[in-house]
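In the numbering used here, the protein residues as written are 457 to 507. We put the beta carbon where it would ideally sit given N, CA and C, even for glycine.
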Amino acid sequence: MLRADLPGMQESDVTIELEDNVLTVRVPKPEQRKPRKITIAAREGEASARM
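What follows is the structure, encoded as structure tokens:
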């Protein structure tokens, strides 16, 4: 028996195959996170950041 906890995955997202005594478990790749841009402005005697 194989038991795996895959947070955020639905059972229907997982594919399991057994062929020639090789067990293959496939799950989709998670979406890549987009990098966040942070704007930083500095003035004389003052600094601020926006997100």
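Review point. Between the Cα of T471 and the Cα atoms of K493, E500, P484, which residue gives the shortest distance?
Key: Residue mapping note: residue 471 aligns to position 15 of the sequence shown, counting from 1. That would be P484, whose Cα lies nearest to the Cα of T471.
Check your understanding: Straight-line CA distance for M465 to R482?
Key -> Working through the sequence shown from its first residue, we reach residue 465 at position 9. Working through the sequence shown from its first residue, we reach residue 482 at position 26. Their Cα atoms are separated by approximately 11 Å.
Check your understanding: With distances taken between CB atoms, is the gap from T480 to E487 smaller than 7 Å?
Key -> Reading the sequence shown from its first residue, position 24 is the one you call residue 480. Reading the sequence shown from its first residue, position 31 is the one you call residue 487. No.
Check your understanding: Counting only runs that start and end within the region 457–483, where is the alpha helix (DSSP H) found for 4 or more residues in a row?
Key -> none
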